[in-house]
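**Student:**
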Amino acid sequence: MIPNKSHLANIDVWKQWKEEGYIAAKQALIENYLPLVEYVVGRLAIGLPKNISKEDLSSYGIMGLIDAIEKFDYERGLQFETYASWRIRGAVIDGLRQGDWVPRSVREKAKKVEEAYQKLEQKYLRSVTDAEISDYLQVSENEFHQMVQDIAVTTICSIDDPIKEEESETRLSLLVDETAKNPEYKVNEFFLKETLAKAIDRLTEKERTVVSLFYYEELSLSEIAEVMNLSPSRISQLHSKAILRLRGSLGRMKVQLFQDT
1 MIPNKSHLAN IDVWKQWKEE GYIAAKQALI ENYLPLVEYV VGRLAIGLPK
51 NISKEDLSSY GIMGLIDAIE KFDYERGLQF ETYASWRIRG AVIDGLRQGD
101 WVPRSVREKA KKVEEAYQKL EQKYLRSVTD AEISDYLQVS ENEFHQMVQD
151 IAVTTICSID DPIKEEESET RLSLLVDETA KNPEYKVNEF FLKETLAKAI
201 DRLTEKERTV VSLFYYEELS LSEIAEVMNL SPSRISQLHS KAILRLRGSL
251 GRMKVQLFQD T
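Printed below as a string of structure tokens:
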């Protein structure tokens, strides 16, 4: 884990780069924050096929870091690591997408499974079992488990992606300045947190554990596998299923919001 450091520790270097255009200062910032690229790439690598080179991921990440350094406004008092992490993550995913790393058939499988979770959990108002999902998809449970394994690579996303394929609104458009007073954003944030809390409650115990260890404790895939005494591939599968369930819940929330307006 990369320890959080305030960008104020490098304020003189930021000034040299931003105010004087000193290239050596920019290079110093890049070298200083390279470990952040390794950290983000390491987390993104979970579930990706082995044929995807980590060096390629790091190259995409470095481009994202450079972009972040060029666009970051150090005078706003924001945490650079947080801002850069979004840029690095987005650059890696965009680079993978441009390389056509996920076949269309795999994306179609992911869409079918996500819709299945959305419809069945809306119908039963609870977490549905693998057997129920398999029956809905008209496949065996073993085939369903293989589908989840195949689509594990799609459970990462870019903030520049459309929220829905047929829409132009992106996740990035939902990010706003939290210092600004925006009642509508606060209301949406409240419903989002409430929806996510309910969705997490409906996850299975193992899925909740994986989500907690990955997103809150920030453990790696291998570390979670060791803690839970399961194989890394099983952890990847649990993570994918949890993300698909949560996406389905968020999709239902958006539909309900539009119905109420």
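Residue numbers are given in UniProt numbering: position 37 of the sequence shown equals residue 37, and the series is strictly consecutive.
No residue lacks a Cβ here, since even glycine has one placed at the ideal position from N, Cα and C.
Which word fits ASN10, buried or exposed, when buried means at least 16 other C-beta atoms lie within 10 angstroms of its C-beta?
**Tutor:** The residue is buried, with at least 16 neighbouring Cβ atoms inside 10 Å.
**Student:** Consult DSSP for ILE88 and reduce its assignment to one of helix, strand or coil.
**Tutor:** ILE88 falls in the helix class under three-state DSSP.
**Student:** Measure the C-alpha to C-alpha separation of ILE151 and GLN16 and round it to an integer number of angstroms.
**Tutor:** For ILE151 and GLN16, the distance between alpha carbons rounds to 45 Å.
**Student:** By how many angstroms is the C-alpha of LEU78 removed from the C-alpha of ALA25?
**Tutor:** Roughly 19 Å between the two C-alpha positions.
**Student:** So what's TYR22 in DSSP terms, helix, strand or just coil?
**Tutor:** Looking at TYR22 - three-state DSSP - the assignment turns out to be coil, as it is neither helix nor strand.
**Student:** Is GLN79 helix, strand or coil by DSSP?
**Tutor:** Note: GLN79 maps to coil in three-state DSSP.
**Student:** Pull up the distance between the alpha-carbon of LEU34 and that of TYR124, whole angstroms please.
**Tutor:** Each residue's Cα considered, the two are about 47 Å apart.
**Student:** So is MET193 buried or exposed if we call it buried at 16+ other beta carbons inside 10 Å?
**Tutor:** Correcting the residue identity first, residue 193 is Lys in this sequence and not Met. Exposed: under 16 other Cβ atoms inside 10 Å.
**Student:** What's the call for ALA68, buried or exposed, on a 16-neighbour Cβ count within 10 Å?
**Tutor:** Buried, by the Cβ-count rule.
**Student:** Beta carbon of VAL92, beta carbon of LEU65: below 8 Å?
**Tutor:** In this structure, LEU65 does not lie closer than 8 Å to VAL92 by Cβ.
**Student:** Look at the alpha carbon of ALA225 and the alpha carbon of THR209, and state the distance between them as a whole number of angstroms.
**Tutor:** So the two alpha carbons sit approximately 11 Å from each other.
**Student:** State the Cα-Cα distance for the pair GLN27 and GLU70, rounded to the nearest angstrom.
**Tutor:** Near 11 Å, if we compare the C-alpha coordinates of GLU70 and GLN27.
**Student:** Quick one: grab the DSSP three-state call for ILE93.
**Tutor:** ILE93 falls in the helix class under three-state DSSP.
**Student:** For ALA197, count neighbouring Cβ atoms within 10 angstroms of its own Cβ and tell me buried if that reaches 16, exposed if not.
**Tutor:** Exposed is the call here.
**Student:** Hey, could you find the ends of the alpha helix (DSSP H) SER140 is sitting in?
**Tutor:** Looking at the DSSP string, SER140 is not in any alpha helix (DSSP H), and its letter there is neither H nor E.
**Student:** Can you check whether the CB of GLY248 is closer than 8 Å to the CB of GLU121?
**Tutor:** Going by C-beta atoms, GLU121 is nearer than 8 Å to GLY248.
**Student:** In the structure shown, what three-state DSSP assignment does GLU114 receive?
**Tutor:** Residue state, collapsed to three classes: helix.
**Student:** What three-state label does DSSP hand SER58 in the structure shown?
**Tutor:** Note: SER58 maps to helix in three-state DSSP.
**Student:** Check for me: the alpha helix (DSSP H) holding SER222 runs from which residue to which?
**Tutor:** Element bounds for SER222: 221-228.
**Student:** Which whole-angstrom value is the C-beta distance of GLY61 and ILE88, which I expect to be below 8 Å?
**Tutor:** Confirmed, Cβ separation roughly 5 Å.
**Student:** Expressed to the nearest angstrom, what Euclidean distance is found between the alpha-carbon atoms of LEU203 and TRP86?
**Tutor:** Going from the Cα of LEU203 to the Cα of TRP86 covers about 26 Å.
**Student:** Are the Cβ atoms of TRP14 and TYR74 separated by less than 8 Å?
**Tutor:** In this structure, TYR74 lies closer than 8 Å to TRP14 by Cβ.
**Student:** Tell me which same chain residues have a C-beta within less than 8 Å of the C-beta of SER140, skipping the five on either side of it?
**Tutor:** SER134, listed in sequence order.
**Student:** Which class does LEU8 belong to by DSSP, given the choice of helix, strand or coil?
**Tutor:** Annotation note: pLDDT 46 at LEU8 (below 50); position unreliable, no value reported.
**Student:** Count the other CB atoms, across all protein chains shown, that sit within 10 Å of the CB of LEU244; report buried if there are 16 or more and exposed otherwise.
**Tutor:** Buried.
**Student:** Are the CB atoms of VAL40 and LYS54 nearer to each other than 8 Å?
**Tutor:** No.
**Student:** Measuring alpha carbon to alpha carbon, tell me which residue in MET63, SER222 and GLN118 is nearest GLU31.
**Tutor:** When each option's Cα is compared against that of GLU31, the closest is MET63.
**Student:** Give me the Cβ distance between GLN118 and GLY251, rounded to the nearest whole Å; I'm assuming they're in contact under 8 Å.
**Tutor:** That belief holds up - the Cβ atoms of GLN118 and GLY251 are roughly 5 Å apart, short of 8 Å.
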